[in-house]
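First the structure, in the form of structure tokens, and then the observations on it.
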Amino acid sequence: MNIELLTLSKVTGIEGEEGNFKVFIKKSPRYVRMDKCIACGACAEKCPSKTPDEYNANLSNRKAIYVPYPQAVPLKYAIDADKCIYFKKGKCKACEKLCPTMAINFDDKEEDIILNVGSVVLTAGFQPFDTSKFDTYQYGKFPNVVTSLEFERILSAGGPAAGHVKRPSDKKVPSKIAWLQCVGSRDLNRCDNEYCSSVCCMYAIKESMIAKEHIGQGFEATIFYMDIRTHGKDFEKYYERAKKEGLRFIRSRVHTIAEADKTGTLKLAYVTDEGEKKEEDFDMVVLSVGMEPADSAVEAARKLDIALDDYKFVKTDSLSPVSTSRPGIYVAGVIQGCKDIPQSVVEASAAACSASISLAPARGSSVKEKVFPTENDVAGQDPRIGVFVCNCGVNIGGIADVPAIAEYARGLPSVAHVQENLFTCSQDTQEKMVELIKEHKLNRIVVAACTPRTHEPLFQETIQNAGLNPYLFEMANIRNQCTWCHSEEKERATDKAKDLVRMAVARVALLEPIPALSVGVNKSTLVLGGGVAGMTSAISLADQGFPVTIVEKSSALGGAAKEVSKTWDGKDVNAFVSGLCAKIENHPDIKVILNSEVVNAAGFVGNFETTIKTVEGTFTVNHGATIIATGGKAAETEEYLYGKNPKVTLWHDIEHDPERLKYANNIVFIQCVGSRDEARPYCSRICCTTSVMQAIFIKEQRPDANVFILYRDMRTYGEKEVLYKRAREKGVVFIRYARDNKPKVTEASDGSLSVEVFDPILQQNLLIKADILNLKTAIEPSINEQIASFYKVPLNEEKFFMEAHAKLRPVDFASDGLYVCGLAHYPKPIDESIEQAMAAAARAATVLSKPSIMVSPLVSQVNAEVCIGCGLCAEVCAFGAIVLEEVGAKGKRAKNIPASCKGCGLCAASCPQKAIDMLHFRHSQLEASICAVA
Amino acid sequence: MLTCDYFNPLQIRGESMTEFEPKIVAFLCNWCAYAGADLAGVSRLQYPSNMRTIRVMCSGRIDPVFIIKALKGGCDGVMVGG
Numbered sequence: 008m009n010i011e012l013l014t015l016s017k018v019t020g021i022e023g024e025e026g027n028f029k030v031f032i033k034k035s036p037r038y039v040r041m042d043k044c045i046a047c048g049a050c051a052e053k054c055p056s057k058t059p060d061e062y063n064a065n066l067s068n069r070k071a072i073y074v075p076y077p078q079a080v081p082l083k084y085a086i087d088a089d090k091c092i093y094f095k096k097g098k099c100k101a102c103e104k105l106c107p108t109m110a111i112n113f114d115d116k117e118e119d120i121i122l123n124v125g126s127v128v129l130t131a132g133f134q135p136f137d138t139s140k141f142d143t144y145q146y147g148k149f150p151n152v153v154t155s156l157e158f159e160r161i162l163s164a165g166g167p168a169a170g171h172v173k174r175p176s177d178k179k180v181p182s183k184i185a186w187l188q189c190v191g192s193r194d195l196n197r198c199d200n201e202y203c204s205s206v207c208c209m210y211a212i213k214e215s216m217i218a219k220e221h222i223g224q225g226f227e228a229t230i231f232y233m234d235i236r237t238h239g240k241d242f243e244k245y246y247e248r249a250k251k252e253g254l255r256f257i258r259s260r261v262h263t264i265a266e267a268d269k270t271g272t273l274k275l276a277y278v279t280d281e282g283e284k285k286e287e288d289f290d291m292v293v294l295s296v297g298m299e300p301a302d303s304a305v306e307a308a309r310k311l312d313i314a315l316d317d318y319k320f321v322k323t324d325s326l327s328p329v330s331t332s333r334p335g336i337y338v339a340g341v342i343q344g345c346k347d348i349p350q351s352v353v354e355a356s357a358a359a360c361s362a363s364i365s366l367a368p369a370r371g372s373s374v375k376e377k378v379f380p381t382e383n384d385v386a387g388q389d390p391r392i393g394v395f396v397c398n399c400g401v402n403i404g405g406i407a408d409v410p411a412i413a414e415y416a417r418g419l420p421s422v423a424h425v426q427e428n429l430f431t432c433s434q435d436t437q438e439k440m441v442e443l444i445k446e447h448k449l450n451r452i453v454v455a456a457c458t459p460r461t462h463e464p465l466f467q468e469t470i471q472n473a474g475l476n477p478y479l480f481e482m483a484n485i486r487n488q489c490t491w492c493h494s495e496e497k498e499r500a501t502d503k504a505k506d507l508v509r510m511a512v513a514r515v516a517l518l519e520p521i522p523a524l525s526v527g528v529n530k531s532t533l534v535l536g537g538g539v540a541g542m543t544s545a546i547s548l549a550d551q552g553f554p555v556t557i558v559e560k561s562s563a564l565g566g567a568a569k570e571v572s573k574t575w576d577g578k579d580v581n582a583f584v585s586g587l588c589a590k591i592e593n594h595p596d597i598k599v600i601l602n603s604e605v606v607n608a609a610g611f612v613g614n615f616e617t618t619i620k621t622v623e624g625t626f627t628v629n630h631g632a633t634i635i636a637t638g639g640k641a642a643e644t645e646e647y648l649y650g651k652n653p654k655v656t657l658w659h660d661i662e663h664d665p666e667r668l669k670y671a672n673n674i675v676f677i678q679c680v681g682s683r684d685e686a687r688p689y690c691s692r693i694c695c696t697t698s699v700m701q702a703i704f705i706k707e708q709r710p711d712a713n714v715f716i717l718y719r720d721m722r723t724y725g726e727k728e729v730l731y732k733r734a735r736e737k738g739v740v741f742i743r744y745a746r747d748n749k750p751k752v753t754e755a756s757d758g759s760l761s762v763e764v765f766d767p768i769l770q771q772n773l774l775i776k777a778d779i780l781n782l783k784t785a786i787e788p789s790i791n792e793q794i795a796s797f798y799k800v801p802l803n804e805e806k807f808f809m810e811a812h813a814k815l816r817p818v819d820f821a822s823d824g825l826y827v828c829g830l831a832h833y834p835k836p837i838d839e840s841i842e843q844a845m846a847a848a849a850r851a852a853t854v855l856s857k858p859s860i861m862v863s864p865l866v867s868q869v870n871a872e873v874c875i876g877c878g879l880c881a882e883v884c885a886f887g888a889i890v891l892e893e894v895g896a897k898g899k900r901a902k903n904i905p906a907s908c909k910g911c912g913l914c915a916a917s918c919p920q921k922a923i924d925m926l927h928f929r930h931s932q933l934e935a936s937i938c939a940v941a
Numbered sequence: 064m065l066t067c068d069y070f071n072p073l074q075i076r077g078e079s080m081t082e083f084e085p086k087i088v089a090f091l092c093n094w095c096a097y098a099g100a101d102l103a104g105v106s107r108l109q110y111p112s113n114m115r116t117i118r119v120m121c122s123g124r125i126d127p128v129f130i131i132k133a134l135k136g137g138c139d140g141v142m143v144g145g
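Each protein sequence line maps, in turn, to chains A and B. If you want the numbering used here, it's the 1-based position in the first sequence plus 7. If you want the numbering used here, it's the 1-based position in the second sequence plus 63.
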């Protein structure tokens with residue numbers, strides 16, 4: 008309601024400034040009326056014009072009238088005028104004849120739209136690298152060479168092959184597939200993309216694992232790579248699992264692909280680490296293509312007059328990572344730089360945060376709200392059920408016998424009115440339903456049609472307009488789960504539909520009105536941790552007018568960033584951190600409590616109560632949202648003589664001792680110290696870039712110094728790859744070592760250090776005298792167990808906080824009102840911490856900006872009379888929505904917290920006393936459905 | 064499917080194998096399995112029409128009693144998808 012979607016539109020220009028932009032938009036015609044189209048698909052079924060389906064990587068066809076993909080929003084058809092026979096030849100109009108809702112409009116015209124907005128967020132995305140530029144890989148020439156995007160569609164259950172992997176040449180199930188990494192990435196030789204695309208290693212591993220699942224026994228996957236970059240959260244574990252399950256990883260670039268035989272089998276030629284030439288046959292080759300800014304995105308960026316970098320990504324600064332060169336215009340996603348889904352989602356929320364800060368004074372001024380008539384009280388009334396059976400054009404009516412279903416419904420108990428509709432969801436039917444509900448005094452409604460997952464909210468709104476509580480409603484899914492799946496068995500589909508209607512009627516008769524549930528919101532936020540992430544989220548909220556309290560356990564703000572001197576793009580971190588500290592000290596809406604810790608917490612979204620202990624004593628803070636930014640630090644180690652020999656240093660120690668650096672001739676860095684091993688099976692993400700930066704710095708100061716970086720995989724992802732290249736140009740020596748053959752550090756009697764390492768290129772051991780040895784130890788989280796238990800939020804195995812969804816909800820916890828950012832979530836560089844902190848602030852603002860928030864009222868209900876206080880319910884609840892309360896002499900009793908409850912019902916199913924029931928999914932209501940089946 | 068040592072359900076009900084149409088209750092989680100069943104429809108995947116779905120907000124809601132009630136009530140099979 009408060010999001011207007013302009014599809015088929017592009018920006019043609021912009022005028023004005025932050026707070027008052029005028030955006031010019033050209034909207035192409037859809038030729039389908041959005042208000043009429045019900046996405047039944049009758050038009051596409053009969054459309055005679057076929058064209059390659061872009062969504063399926065052109066591996067299958069679509070029609071000229073189409074929806075781009077099944078989950079498209081809005082789910083409305085559109086005519087591709089370039090492919091439509093009517094537009095080309097002046098006749099056809101098959102779709103118009105077949106459309107049951109008269110939605111086709113061949114007279115639709117291009118529209119010019121001018122929008123007045125306060126800020127703009129550009130999220131215009133990427134395009135895959137065009138592989139046909141390479142002749143080496145024979146793409147387009149050999150049918151069994153496909154791109155990773157094509158393979159992704161081949162693997163997809165919803166794709167052109169329905170998930171059955173077959174190779175294009177002869178439709179044989181492949182038993183050997185090779186993935187070639189870095190096609191169109193990390194390459195200045197054959198293309199201009201010297202950056203790393205960041206996502207291809209992980210998606211290649213994923214594709215090969217899924218292919219293995221689909222193809223099964225005997226399948227062999229091989230990945231040819233330069234460095235495996237699984238630097239994302241939990242990615243390294245996936246890589247290790249892939250290796251255990253038999254995926255083969257070969258560190259080499261394939262130089263030639265030839266056809267091995269007439270069937271299309273391919274012969275790959277490559278050179279191994281040992282310098283040995285090899286040839287091997289594969290059934291298929293998948294090219295892991297890199298990402299480039301989409302041409303259309305670059306065009307949009309130019310129209311918006313914002314600066315681009317050397318690779319045409321939108322130029323940003325790592326200390327304000329979502330701000331473009333033009334104030335008021337923000338950016339998110341791959342158009343800002345190569346990244347994966349979680350990082351894109353984080354960035355989108357960060358962009359929303361920036362826009363919210365700049366628009367804070369106008370907050371709520373354009374918000375629309377729905378108004379409903381007063382609700383009728385149905386208490387004490389006998390059920391009068393109305394059943395609306397939908398034909399859905401021919402989708403239901405063409406298969407099941409709708410009049411027979413309607414007739415059957417008339418005979419069911421308490422059914423007072425039955426109506427058949429051609430399209431129950433159409434606007435005019437909604438109005439008719441309201442009248443019929445009033446006319447027949449209906450107090451329970453069943454709609455037998457499509458799925459409640461898409462249409463329940465629409466019908467609930469309709470019955471609310473007729474004065475009924477929205478929960479006096481039930482859908483019988485007789486389309487998606489009936490006629491569409493049993494189209495060859497018309498009679499059985501009709502029988503099933505009757506059963507589903509009977510089950511719905513039995514259930515709806517027992518449904519009760521449930522009042523809306525809202526909770527008040529305390530406008531303030533508690534931020535745990537005063538590092539860059541905590542400070543950024545605090546400022547982001549306070550700048551929008553929401554008060555913040557920061558709890559910091561140490562005696563000063565700044566956190567781990569105090570150690571860091573520069574970001575990867577050379578920005579001064581010390582100055583930035585001092586700036587943040589100064590801003591916080593002077594901010595009227597931010598309170599800082601140093602030397603303090605959380606000792607208890609209670610409450611729920613909008614209403615948290617946290618007890619804080621300081622030297623002066625303990626006190627309570629009430630707050631509406633909680634942001635956890637407890638940070639992390641470089642781990643200690645006992646490896647490589649650290650702590651025993653003064654020449655062995657950790658992380659930023661070398662920057663703090665410039666004198667020693669001046670006289671050191673040989674400087675050695677060892678990467679992955681305590682990372683990517685048994686104890687910490689994750690990649691610390693930032694160590695490679697840091698060592699590379701330090702090496703460049705040393706080489707710039709003293710070109711004659713010898714700098715060695717001993718690494719396992721060089722993970723300078725994204726545009727940081729450019730630093731890796733620069734370091735090599737400056738003569739930094741990179742030596743790869745294996746986890747089972749680590750470097751050996753020994754101390755001579757005079758205290759001098761030697762590092763012995765096997766060089767896989769020279770195939771022999773090297774002995775390096777080290778004047779300084781720097782160890783990049785793992786980044787580990789602060790001790791988080793207590794905080795996790797107070798707020799009932801989960802930690803992963805490595806004790807980082809675990810977000811609600813690794814891809815789609817990267818800063819939320821499953822429980823509302825709690826958010827995570829920074830190193831507490833996973834090791835990350837400062838720009839990503841800033842983004843995540845802004846994202847957490849944006850997510851918190853969605854709660855804080857409302858006087859009260861509506862929460863789903865479908866929650867658990869405890870009968871204290873029956874409860875014996877065993878606590879099983881509280882134990883199984885994943886959301887902290889059940890607590891045990893002392894009730895005098897009786898001992899403890901369970902109590903539910905509706906605002907935290909997600910309505911899953913685990914407590915109700917677990918309760919040995921049956922003292923817990925779920926609103927709208929009561930035992931009695933579910934049993935009514937069960938009894939109605941048989 | 065319910066079986067016992069000496070009779071299968073067909074014999075109990077006096078049906079022959081060719082006539083036997085099991086009735087299967089499926090408890091499907093709204094967020095995953097139910098969505099999957101919807102998608103099967105969108106993809107027009109064809110499967111036997113014997114399943115009767117009961118939507119729940121989580122498969123954790125399924126009380127073992129529901130399963131017993133379904134079987135006692137004459138259903139031949141119960142599926143929990145979540």
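Cβ coordinates follow ideal geometry from the N, Cα and C atoms, glycine included. The structure displayed is predicted, hence computed values, not measured ones.
Listed by chain order, chain A residues near residue i by CB distance under 8 angstroms
i                : result
Val88 (chain B)  : Ile937, Val940
Val143 (chain B) : Under the 8 angstroms cutoff, chain A gives no residues; its nearest Cβ is about 11 angstroms from Val143 (chain B).
Neighbouring residues, chain B, relative to residue i (Cβ below 9 angstroms)
i                : result
Phe430 (chain A) : None at all; the shortest Cβ gap to chain B is about 17 angstroms.
Leu865 (chain A) : Met120
Partners in chain B for residue i, counting only beta-carbon separations shorter than 8 angstroms
i                : result
Met861 (chain A) : By Cβ distance, chain B contributes nothing, its closest Cβ being about 17 angstroms from Met861 (chain A), past 8 angstroms.
Arg460 (chain A) : Asn93, Tyr97, Ala98, Asp101
Pro77 (chain A)  : Leu102, Val105, Ser106
Partners in chain A for residue i, counting only beta-carbon separations shorter than 9 angstroms
i                : result
Phe129 (chain B) : Ala916, His930, Leu933, Glu934, Ile937
Below-9 angstroms beta-carbon distance, residue i vs any chain B residue
i                : result
Met925 (chain A) : yes
Val954 (chain A) : Look at the range of chain A in this structure, 8 to 941, and you will see that residue 954 (chain A) is not part of it.
Phe912 (chain A) : The sequence as given places Gly at residue 912 (chain A); Phe does not occur at that position. It does: the Cβ of Gly912 (chain A) has a partner Cβ on chain B nearer than 9 angstroms.
Gly165 (chain A) : yes
Leu465 (chain A) : no
Val883 (chain A) : yes
Lys814 (chain A) : no
Lys909 (chain A) : yes
Chain B residues whose Cβ lies nearer than 7 angstroms to that of residue i
i                : result
Pro486 (chain A) : Reading off the sequence, residue 486 (chain A) comes out as Arg, not Pro. Those are Gly104, listed as they occur along chain B.
Gly170 (chain A) : None at all; the shortest Cβ gap to chain B is about 10 angstroms.
Cys492 (chain A) : Ala103, Gly104, Leu108, Gln109, Tyr110
Paired residues, beta bridge with residue i - DSSP
i                : result
Val869 (chain A) : A:Ile923
Pro788 (chain A) : A:Gly639
Thr490 (chain A) : According to DSSP, Thr490 (chain A) bridges with nothing at all.
is_contact[residue i, chain A] using C-beta, thresh 9 angstroms
i                : result
Gly136 (chain B) : yes
Gly123 (chain B) : yes
Residue i: CB within 8 angstroms of a non-hydrogen atom of the ligand ZN
i               : result
Lys17 (chain A) : Ligands are entirely absent from the displayed structure, and the ligand ZN is therefore not among its contents.
Taking beta-carbon pairs under 8 angstroms, can you tell me which members of the stretch 494-513 of chain A lie near chain E?
Absent from the structure: chain E. Protein chains present are A and B.
Which runs of the beta strand (DSSP E), 3 residues or longer, sit entirely within the stretch 24-51 of chain A?
27-34
Touching or not, the stretch 760-777 of chain A and the stretch 733-745 of chain A, by the rule of three or more beta carbon pairs under 8 angstroms?
yes
What ranges does the alpha helix (DSSP H) occupy inside the stretch 755-820 of chain A, keeping only unbroken runs of at least 4 residues that lie completely in it?
792-798
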